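Presented below is the structure to which this report refers.
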Amino acid sequence: MLVPGVSGGTMCIILGVYDRLIHAVSTFFQSKRANFWLLFCFCLGAGAGIFLLSKPLLQLMELFPKPASFFFMGAVAGSVPMTFQKARVTSFHWRVPVYVVVGMIIVWALAKLPTMDQMSGGGLERYAMLVVSGVVAAVALVLPGISVSYLLLVLGMYSTTIQAIGNLDFEYLIPLGLGGILGVVATTKALEHLMQVYPRATYLIILGFVVASIPTIFPGVPAGAEWIVCALTLLAGFGVVYKVSSL
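So for the sequence shown, my numbering puts the first residue at -9; every next one is plus one.
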């Protein structure tokens, strides 16, 4: 979530924990203790990572924007073989590329949505809109390749949400958070079901999400000797993630 263009779902795929987290959320009440500790440790680690790495990553992106972006592009690309392997494609079929393209189209379509004006109205209507917006944002949180920040921008809520977090505006944050919880639970349950019933199609569409997220990280064409550095960081990012995912 700290890396521009890299969604939380994409990072979970890179780290090889996406399936476990989806299962833990969707079956939380079936094994409360084990799922609670898994999610607690994950959230604790994510919080520590955001706290400890936000400034160094920001400085890295400011000092070396293109080499750093190429490293992250390589890291996302390095997760592609693992995701494809989970689809268990044993032989080529015309549906294989179609599913991947469907996933890519979904991400690209969301990227082309026009930004909406900020919500108007008050009272119950406003709270209902906040809950619905939380559900929509939660879908982006769970699905790889779709940025929560971008969807908040599309909904016309990004700056308002950032201000609400900074000002601890609970009247705004509580309904948004409730919608987020509902969205996460609903999306993970749907994904868990699809992964079990239609594993090949589901993982291939997820692969499309991941592939479509790579161009959003592309910082532009390097100039001069920076080509060499960017090529090396791209290969390094790919190699690290591919090696880790192969363990």
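Each residue gets a CB set at the ideal place from its N, CA and C atoms; glycine is no exception.
Just so it is clear, the structure is predicted and the values come from calculations on it, not from any experiment.
If residue i sits next to residue j, beta carbons under 8 Å apart, how far is it from one beta carbon to the other, in whole angstroms?
| i | j | result |
| --- | --- | --- |
| GLY170 | ALA128 | 4 Å |
| ALA65 | ILE4 | 6 Å |
| GLY(-1) | VAL91 | Not confirmed; about 19 Å, so no contact. |
| PRO134 | VAL86 | About 18 Å separates the two Cβ atoms, so there is no contact after all. |
| GLY227 | PHE32 | Not quite, the Cβ-Cβ distance comes to about 22 Å (not below 8 Å), so this is no contact. |
| PHE67 | ILE204 | For the record, residue 67 in the displayed sequence is Ala; it is not Phe. ALA67 to ILE204, Cβ: 6 Å. Contact. |
Going by Cα to Cα distance, which pick from the options is closest to residue i?
| i | options | result |
| --- | --- | --- |
| PRO12 | TRP217, ALA180 and ALA191 | Here the sequence assigns Ile to residue 12, which means Pro is not the residue at that position. Comparing Cα-Cα distances from ILE12 to each of TRP217, ALA180 and ALA191, the minimum goes to ALA180. |
| LEU247 | PHE30, VAL122, ALA154 and GLN153 | In this structure the chain extends from -9 to 237, so residue 247 is not present and cannot be described. |
| ILE207 | THR178, MET63 and LYS45 | MET63 |
| THR178 | LEU194, LEU166 and VAL125 | VAL125 |
| GLU115 | TYR162, SER149, LEU50 and GLU52 | TYR162 |
| ALA241 | LEU197, ALA130, PHE26 and GLN153 | What is shown of the chain runs -9 to 237, which leaves residue 241 out entirely. |
| PRO167 | TRP84, THR151, ARG10 and ASN157 | Here residue 167 is Gly; the residue named in the question, Pro, does not match the sequence. Among TRP84, THR151, ARG10 and ASN157, the Cα nearest to that of GLY167 is on THR151. |
| ALA202 | ALA99, ALA38 and ILE40 | ALA99 |
| GLY6 | SER44, LEU42, GLN49 and GLN75 | GLN75 |
| GLY198 | ILE95, LEU184, ALA154 and MET185 | ILE95 |
If you measure between the beta carbons of residue i and residue j, is that distance less than 8 Å?
| i | j | result |
| --- | --- | --- |
| VAL230 | SER69 | no |
| PRO246 | SER59 | This structure cannot settle anything about residue 246, because the visible part of the chain is limited to -9 through 237. |
| ALA14 | LEU28 | yes |
| VAL219 | PRO57 | yes |
| SER235 | MET72 | yes |
| LEU194 | TYR89 | yes |
| ARG190 | VAL79 | yes |
| LEU120 | PRO165 | yes |
| SER21 | GLU182 | no |
For a minimum of 4 consecutive residues, which ranges assigned as the alpha helix (DSSP H) are wholly contained in the segment 60 to 125? 70 to 76 and 85 to 101
Within the segment -8 to 47, ranges of the alpha helix (DSSP H) (whole runs, at least 4 residues): -2 to 5 and 8 to 16
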